[in-house]
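Here is the structure we will look at, set down as structure tokens.
Numbering (my numbering), first residue to last: 1471 to 1588.
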């Protein structure tokens, strides 16, 4: 019962976050329209109206709350929790640890030349 209630809360929170994001887009569009209108009438003071700023900040706060409430259960990020999934043999036999193109082939002629001079 608790899982279905939690999924309902997630859906509502995501919907609220989406609606607030649309409000943020609207405030951005309103700001752009206001600036274009102000420039077209030759206004020198291009300060945004308080309504647009309040709409944007309120929508930002609601988006943050909606995203925080809409996320699922957080997973542990500790090293021990990550390493429980792998064995030590599996970690060290990864292809990223196998280097076939290394500087040994360039050192071999130097080593053989040094052996000849001795």
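Just so it is clear, CB atoms sit at the ideal spot from N, CA and C, and this is done for glycine as well.
Every value quoted in this text rests on a predicted model; they were computed, and no experiment measured them.
State buried or exposed for residue 1524, treating a residue as buried only when at least 16 other CB atoms are found within 10 Å of its CB. Classification of residue 1524: exposed, given that the 10 Å Cβ count is below 16.
On a CA-only basis, which of 1497, 1548 and 1482 is nearest residue 1530? Give me that one, please. 1497
Nearest neighbour of residue 1487, chosen from 1535, 1520, 1519 and 1512 [CA to CA]: 1535
Any idea if residue 1481 is buried or exposed, counting beta-carbon neighbours within 10 angstroms, 16 or more meaning buried? exposed
Rounded to a whole number of angstroms, what is the C-alpha to C-alpha distance between residue 1545 and residue 1552? 10 Å
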